Amino acid sequence: MIPRTLIKNWISLRHFFHKHYTIQYKAKNIKYIGFGIFTSVLVYSTSGITIFAAQNELDIKKFMAQPITDIKKLKKKDDMKTKMELLVMKTQADFCKALESLEEPGHSFKVDRWVRKEGGGGITCVLQDGVVFEKAGVNVSVVTGMLPPGAVQQMRARGKKMGEGSVPFFAAGVSAVIHPRNPMVPTIHFNYRYFEVEDSDGSIQWWFGGGTDLTPYYLNEDDIKHFHSTLKAACDQYDPSYYSKYKKWCDDYFFITHRGERRGVGGIFFDDIDTPSQEEAFQFVKSCAEAVIPSYIPLVDKHKDDGYGYSERQWQLLRRGRYVEFNLIYDRGTKFGLYTPGARYESILMSLPLSANWQYMHEPKPGSKEAELVDVLRNPKEWLN
0 MIPRTLIKNW ISLRHFFHKH YTIQYKAKNI KYIGFGIFTS VLVYSTSGIT
50 IFAAQNELDI KKFMAQPITD IKKLKKKDDM KTKMELLVMK TQADFCKALE
100 SLEEPGHSFK VDRWVRKEGG GGITCVLQDG VVFEKAGVNV SVVTGMLPPG
150 AVQQMRARGK KMGEGSVPFF AAGVSAVIHP RNPMVPTIHF NYRYFEVEDS
200 DGSIQWWFGG GTDLTPYYLN EDDIKHFHST LKAACDQYDP SYYSKYKKWC
250 DDYFFITHRG ERRGVGGIFF DDIDTPSQEE AFQFVKSCAE AVIPSYIPLV
300 DKHKDDGYGY SERQWQLLRR GRYVEFNLIY DRGTKFGLYT PGARYESILM
350 SLPLSANWQY MHEPKPGSKE AELVDVLRNP KEWLN
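Numbers 0 to 384, taken from numbering that gives the first Met the number 0, label the letters of the sequence shown in order.
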């Protein structure tokens, strides 16, 4: 009886796959299959209009935790809020698993799913005191509510046309900062986000922002060129002018004014992206997010077992102090998070390292490897020319 039932079900299943495979094969410009969703068959066209699905179910096993938005709502909708939430969930899970693959057994991410009473919530993943990673934080937030006047004023200062007072908003993003134990392994930061606000007349303003940047403690030009070339390839798929424009924006944004130097050797950074269309802007952001792993993981694997001594460790801790200064004084995302009602400070401050130090009036010795790094931080280079 059981074998007969299995054979019968297999014949039906094979007929279903054959039927929908034909549809899939004939569809033009298929961009991707799946997207953090498990279905018997799920096909998206690049236009985002054509969707064939059977048993449309979220495969939450691929994520670090259950999505913030109710699963039933995510299954029913195909708007940008849904697309972005699924993208940040997938980006977080893929990156965490890639980092864990380089760490020693017994060291894994602590997953903290939290809910914000004002609306939405997030998933904070932190790996601390590992052998390879001293601290690694990868955070997802999907929040809704009323944007307070302070945050509205901050956005108006950036040129957003917003009225006075509070306004309804939606924000979804993924961010990460990785502080390796070995000073020969650089720190990476990335953040990709989507924002919507509803004006008093009911109209919606939306935009994307994000970027990926590298902060080495010792210069390795091959590593830096690999990092930048990977980001450039992600940008070039959509516009050949993007990389140079967003590379300069990154150099300018991550400038520690009171020190007269950049935080690191840059990467790309952009904000307020609302062209050429919502779908095209989303695909560009997706491409950049997918470039994180190939840009960084090979560098960790290459240098995680390099030798170093006390002086290299002390230099790493001093440079981490500069990292803290930028994040607490200048970083726009940190400021926005602290302005937002119901802010979760543990998640906002996850970017800070476990250890850092400040030495009074420290200057590296002329001609040293440390001085070589500082020179580049004060005079940014075009790494791919």
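Idealized CB from N, CA, C, for every residue including glycine. These numbers come from a predicted model, not from an experiment.
Minimum Cα-Cα distance from Leu348 among the listed residues Tyr252, Asp221, Ile328 corresponds to Ile328. Contact between the segment 198-207 and the segment 177-184 is not established, with fewer than three Cβ pairs separated by less than 8 Å. Across the structure, Asp374 and Arg318 are spaced so that their CA atoms are roughly 14 Å apart. Ser294 is a Cβ neighbour of Thr229, given a cutoff of 8 Å. In this structure, Gly266 lies near Phe226, with their beta-carbon atoms less than 8 Å apart. Counting along the chain, the unbroken alpha helix (DSSP H) around Trp314 starts and ends at 309-328. Here His188 is buried, its C-beta having at least 16 other C-beta atoms within 10 Å. Taking a 10 Å sphere around the C-beta of Val114, we find fewer than 16 other C-beta atoms and assign the residue as exposed. Between Val139 and Gln91 a beta carbon distance of about 5 Å is seen, short of the 8 Å cut, so the two are scored as contacting. Under the three-state reduction of DSSP output, Arg343 falls in the coil class, being neither helix nor strand. Annotation for Ala170: Val142, Phe194 place their beta carbon closer than 6 Å to its own, counting only its chain and skipping 5 residues before and after.
Met88 is classed as buried because its beta carbon has at least 16 other beta carbons within 10 Å across all chains shown.
By the neighbour-count criterion, in which 16 or more other beta carbons inside 10 Å mark a residue as buried, Tyr344 falls on the exposed side. As the crow flies, the alpha-carbon of Lys109 is around 14 Å from that of Gly121.
The distance from the Cβ of Gly320 to that of Trp357 is about 5 Å, consistent with a contact at the 8 Å cut-off.
Leu218 carries a coil assignment under DSSP once its states are collapsed to helix, strand and coil. Secondary structure note for Ala175: its beta strand (DSSP E) is the uninterrupted segment 166-179.
By DSSP's assignment, Phe226 forms no beta bridge with any residue.
Of all C-beta pairs linking the segment 231-246 to the segment 259-273, three or more are shorter than 8 Å, placing the two stretches in contact. Beyond the five residues adjoining it in sequence on each side, Asp304 comes within less than 6 Å, by CB distance, of no other residue in the same chain. Our two residues, Ser276 and Met79, have alpha carbons roughly 12 Å apart in a direct line.
Shown here, Ala355 sits in coil according to DSSP, grouped into three states, outside any helix or strand.
Lys364 and Arg377 have their C-alpha atoms spaced approximately 16 Å apart. In the structure shown, Tyr242 falls within a helical segment according to DSSP collapsed to helix, strand and coil. Between Ile67 and Glu84 a beta carbon distance of about 7 Å is seen, short of the 8 Å cut, so the two are scored as contacting. A straight line joining the alpha-carbon of Asp111 with that of Cys124 spans about 6 Å. Minimum Cα-Cα distance from Gly210 among the listed residues Asp250, Glu103, Leu101 corresponds to Asp250. With 16 or more other CB atoms across the displayed protein chains lying within 10 angstroms of its CB, Asp212 is buried. Closest option to Lys368, judged by alpha-carbon separation, among Ser310, Trp382, Pro352: Ser310.
By the Cβ rule, the segment 333-342 does not count as touching the segment 91-104, because fewer than three pairs are nearer than 8 Å. Membership of Leu146 in the beta strand (DSSP E) is indicated by the continuous run 132-146. In this structure, the CA atom of Phe94 is about 16 Å from the CA atom of Gln127. Put simply, of Glu278, Gly119, Leu73 the residue whose alpha carbon is nearest the alpha carbon of Ala342 is Gly119. Close CB contacts of His361 within its chain, under the 8 Å cut and outside five residues either way in sequence, are with Leu317 (chain order). Ser350 sits close to Asn326, with the two beta carbons spaced by under 8 Å.
Counting only the Cα atoms, Leu73 lies some 12 Å from Gln65.
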